[in-house]
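Working notes, beginning with the structure itself.
Chains as they are written, first to last, in my numbering: chain A, 1 to 516; chain B, 517 to 890.
As structure tokens, then:
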């Protein structure tokens with residue numbers, strides 16, 4: 001980086017923000033060099049999103065100030081942020097599905113009561129931007145018809161069209177295949193080359209190392225370090241994020257697979273909403289192995305998990321679990337599956353696996369609320385439920401250890417630990433696990449991964465669905481790749497590499513091998 | 517982390533202070549209106565409270581109204597816990613009256629009171645349950661919105677009752693549509709009679725044995741919601757249907773059951789009015805208790821203790837309001853409706869308006885400790 005007298009594109013000085021008793025940001029200072037790609041990493045709850053929300057005017061800082069290009073600014077809402085040249089690409093896109101790309105880009109910046117002139121101006125601006133930065137999107141396509149990667153490009157175009165010179169991206173690769181992510185990074189590099197400053201918020205250390213020039217680490221509301229990316233390493237960043245040494249690799253021996261526990265033949269499931277479901281997948285899972293299902297979110301994995309756990313009816317094919325053949329004419333239900341020692345850790349813990357406003361003790365029996373150990377025919381035995389919850393919290397180190405606390409009051413990692421403790425407590429023979437570490441802090445990830453491997457070693461058949469390729473590759477013994485409701489690839493974890501899996505996830509692997 | 521500043525405010529702020537502030541605001545606005553039409557608001561407030569609480573008779577009336585409101589408030593609350601907005605308490609109470617009336621009119625010459633009264637109450641509950649179950653079924657199995665169907669069921673109940681009263685249950689040989697008087701076996705004892713029997717002479721009022729039934733229902737509702745497997749299932753469905761499906765709870769079944777229980781509770785209103793006081797079936801005996809029950813449940817935070825307190829408040833407004841309309845000529849019955857409407861507006865519709873402010877106020881004062889949050 002050349003040291004000129006140019007002021008930093010953004011300077012945050014002494015920013016503090018408190019929500020109730022939570023100090024979300026504490027005295028945070030940060031300089032971001034103009035034209036740089038600057039990464040901000042930190043665990044969930046470290047205060048990254050709060051900091052960016054302050055920069056974008058959603059929240060007001062309790063203390064401290066912001067400078068843009070050396071000038072002190074007050075940002076009270078998103079309009080003022082845009083006026084300062086700050087553009088934000090949210091984790092969840094803020095697009096109108098039924099509008100075209102062009103209409104989405106001018107939305108909120110129409111310029112006049114009549115749409116015509118604004119749209120014409122936007123059209124020429126878009127083609128200029130597309131050429132300059134390699135952001136090609138058909139301006140007349142409906143957003144709903146675009147791939148996720150293309151929708152993200154529309155978000156970036158929106159920001160640039162509004163004159164953004166500072167682009168903030170919040171977890172931009174969460175929904176992308178590795179190839180789409182690479183494409184995004186190329187765009188970001190060309191933006192930076194043209195003088196746009198990029199702030200990249202992520203928890204994926206690999207991305208930070210791949211693309212940023214500088215990186216700031218946040219922990220518990222504080223900025224603990226700002227480093228030149230070239231001079232740091234994954235291990236160092238992870239340690240800074242967590243505050244102690246962490247094991248990034250999962251230590252596990254080779255699988256000792258036994259009998260087949262789950263056998264799925266030509267399974268067909270109707271999709272959620274307008275999406276395709278599952279169109280004829282066949283696979284099996286044996287005792288003592290972890291089978292990983294990789295794929296970009298929304299390619300049938302959710303439906304697959306729900307069907308296997310008895311929640312979602314199937315349309316065709318069979319599911320064979322412990323001698324029971326589930327078919328469309330002989331459907332199953334979650335009760336039966338639990339009775340067959342199938343445990344299910346759903347993908348969305350707070351909306352499916354737990355009840356947010358319930359006390360932890362009440363959430364700790366969800367799914368087993370009819371079990372005889374928790375009461376008689378009519379009444380629930382609350383003392384026993386609390387004792388059970390205590391046990392769960394003990395074995396999985398859930399903090400705070402308080403069975404009466406509202407479920408939503410726990411951090412994501414601790415909610416997940418409570419949920420896992422509940423599902424593990426029943427000595428399952430088949431364990432269905434969806435996104436076990438989504439939104440979970442690194443310390444808890446370590447523990448959850450260890451416990452999953454321990455379950456495998458104890459002879460449990462584990463089916464693991466995750467969109468995190470790292471997780472699949474480090475945990476699974478065998479990997480299936482799903483694309484548009486089909487299994488497009490299968491390989492032993494030992495032979496897997498990210499590139500091959502990524503190509504399979506985008507189904508660009510060549511149709512010849514897709515039948516494997 | 518979250519932007520929810522209120523998560524750490526003490527519980528009593530939401531449970532007690534907020535309703536109190538809301539009611540105070542409602543009274544301030546009502547007072548301004550009273551002053552505007554040229555009456556003294558302080559005097560009006562005095563008449564209202566005195567009229568509702570100033571004598572044993574006044575208290576008796578207040579508690580009598582509160583009894584009906586407890587039934588309908590509990591009814592609305594149970595549906596709420598299942599995530600359903602039961603607007604049909606009025607119709608369920610009305611049809612419940614039909615159940616009570618039919619049982620009593622057909623059996624009161626044959627059975628003694630200790631059999632007849634429980635049977636009549638069961639009849640009321642059963643008919644109310646039916647009137648709640650049908651919209652529940654339509655919601656659960658056919659996807660018809662419960663708000664719409666329960667409103668429509670109020671109208672159907674009303675029309676059906678007019679038909680029944682005018683054509684079937686009317687006392688022969690008269691013009692006003694009410695049934696014959698029940699035999700004394702079906703009469704619930706008055707509170708003043710019961711107290712008199714144990715040596716306390718009090719003024720007579722319509723307060724009767726149904727008051728105890730209402731309190732029993734409160735305990736029962738607490739047990740049901742927070743101690744039984746069914747209550748657990750109802751609350752899971754109410755908070756989160758996807759979690760219910762995951763847990764193997766059938767939301768459709770729970771919705772129908774919850775609506776039936778809800779309707780059954782509303783159906784007990786006639787026990788208080790018909791068996792307790794009028795001793796015959798009248799047209800429109802529900803007097804809006806079903807609708808006010810919505811406000812009672814909202815204000816009482818869907819918890820039986822809160823519902824009793826809110827029912828008492830509305831009992832005071834009903835009874836004190838009647839006295840006020842009597843004593844202050846410029847304040848008509850309609851003005852009382854306005855005042856009750858203001859209480860409903862502030863404690864129901866604008867319920868959450870002041871919540872963030874109040875909670876922030878008390879969160880700031882709380883000591884700041886937690887470092888390990890998040």
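Every residue, glycine too, gets a C-beta built ideally from N, C-alpha and C.
Listed by chain order, chain A residues near residue 873 of chain B by CB distance under 8 Å: Correct list: empty, because the minimum Cβ distance to chain A is about 14 Å.
By a C-beta neighbour count over all protein chains shown, 10 Å radius and 16 as the cutoff for buried, is residue 70 of chain A buried or exposed? exposed
C-alpha distance - residue 104 of chain A paired with residue 483 of chain A, whole-angstrom precision: Taking the straight line joining both Cα atoms gives about 28 Å.
To the nearest angstrom, report how far apart residue 514 of chain A and residue 386 of chain A are at their CA atoms. Confidence at residue 514 of chain A is low in this model, with a pLDDT of 40, below 50, so the placement of that residue should be treated as unreliable; the coordinate-derived value is given next. Note on geometry: alpha-carbon atoms of residue 514 of chain A and residue 386 of chain A lie some 50 Å from one another.
In whole angstroms, give me the CA-to-CA distance for residue 157 of chain A and residue 206 of chain A. 25 Å
Counting C-beta neighbours from all protein chains within 10 Å, is the total for residue 260 of chain A 16 or more, i.e. buried, or is it exposed? Taking a 10 Å sphere around the C-beta of residue 260 of chain A, we find fewer than 16 other C-beta atoms and assign the residue as exposed.
In chain B, which residues lie with their C-beta within 9 Å of the C-beta of residue 369 of chain A? 745, 748, 749, 752, 763, 764 and 765
Excluding five sequence neighbours on each side, which residues of the same chain lie with their C-beta closer than 8 Å to the C-beta of residue 551 of chain B? Closer than 8 Å at the Cβ level, and outside the excluded window around residue 551 of chain B, lie 557.
Buried or exposed by the 16-neighbour rule on C-beta atoms within 10 Å, applied to residue 249 of chain A: exposed
In chain B, which residues lie less than 8 Å from residue 366 of chain A when you measure between Cβ atoms? 752, 759, 762 and 763
Against chain A, does residue 755 of chain B count as a neighbour if the rule is that its beta carbon must be under 8 Å from one of theirs? yes
Any chain B beta carbon closer than 8 Å to residue 335 of chain A: True, the Cβ-Cβ gap to chain B drops below 8 Å.
Apart from the five residues just before and just after residue 635 of chain B, which ones in its own chain have a Cβ nearer than 8 Å to its Cβ? Result list for residue 635 of chain B: 619, 623 and 627, in chain order.
What residues in the region 195-213 of chain A have a beta carbon less than 8 Å from any beta carbon of chain B? Against chain B - using a Cβ distance shorter than 8 Å - the region 195-213 of chain A contributes no residues.
When the cut-off is 8 Å and only beta carbons count, does residue 428 of chain A lie next to chain E? In the structure shown, chain E cannot be found, because the protein chains are A and B.
Residue ranges of each alpha helix (DSSP H) run of no fewer than 4 residues wholly in the region 787-841 of chain B, ordered along the chain? 805-815
In chain order, what residues of the same chain lie with their CB nearer than 7 Å to the CB of residue 759 of chain B, ignoring the 5 residues before and after it? 752
For residue 467 of chain A, does the three-state DSSP call read helix, strand or coil? coil
Hey, is residue 375 of chain A's beta-carbon within less than 8 Å of any beta-carbon in chain B? yes
Leaving aside the five residues before and after residue 31 of chain A along the sequence, list all residues of the same chain whose C-beta is less than 7 Å from its C-beta, in chain order. Non-local C-beta neighbours of residue 31 of chain A in its own chain, meaning closer than 7 Å and more than five positions away in sequence, comprise 8 and 11, ordered along the chain.
Residue 351 of chain A: contacting residues in chain B (beta-carbon distance under 8 Å): 756, 758 and 759
Option nearest residue 170 of chain A by Cα separation, candidates A/44, A/33 and A/291: A/44
Just grab the DSSP bridge partners of residue 724 of chain B for me. B/706
Candidates A/433, A/466 and A/218: closest to residue 25 of chain A by CA position: A/218
Strand pairing of residue 291 of chain A, partner residues [DSSP]: A/463 and A/478
Under 8 Å: do the region 335-344 of chain A and the region 418-433 of chain A share three or more Cβ pairs, one atom per stretch? yes
By the criterion of Cβ-Cβ separation under 9 Å, what are the contact partners of residue 28 of chain A in chain B? Going along chain B, no residue has its Cβ under 9 Å from residue 28 of chain A, so there is no contact; the nearest lies around 14 Å.
Is it right to say residue 29 of chain A is buried, meaning 16 or more other beta carbons lie within 10 angstroms of its own, or is it exposed? exposed
Taking C-beta to C-beta, are residue 142 of chain A and residue 135 of chain A nearer than 8 Å? no
Residues near residue 407 of chain A by beta carbon distance below 6 Å, same chain, minus five either side: 354, 356, 358, 360 and 363
According to DSSP, is residue 99 of chain A helix, strand or coil? Coil, per DSSP.
Quick check: what's the CA-CA separation for residue 657 of chain B versus residue 768 of chain B? 7 Å
Rounded separation between residue 869 of chain B and residue 47 of chain A - CA only: 28 Å
Using 8 Å as the cut-off, can you tell me whether the region 295-303 of chain A makes contact with the region 415-427 of chain A, which would need three or more C-beta pairs spanning the two stretches below that distance? no
By the criterion of Cβ-Cβ separation under 9 Å, what are the contact partners of residue 262 of chain A in chain B? Near residue 262 of chain A there are no residues of chain B at all, since even the closest Cβ is about 19 Å away, more than 9 Å.
Compute the distance between the beta-carbons of residue 525 of chain A and residue 293 of chain A, then report whether it is under 8 Å. Since the displayed chain A opens at 1 and closes at 516, residue 525 of chain A lies outside it and no answer follows.
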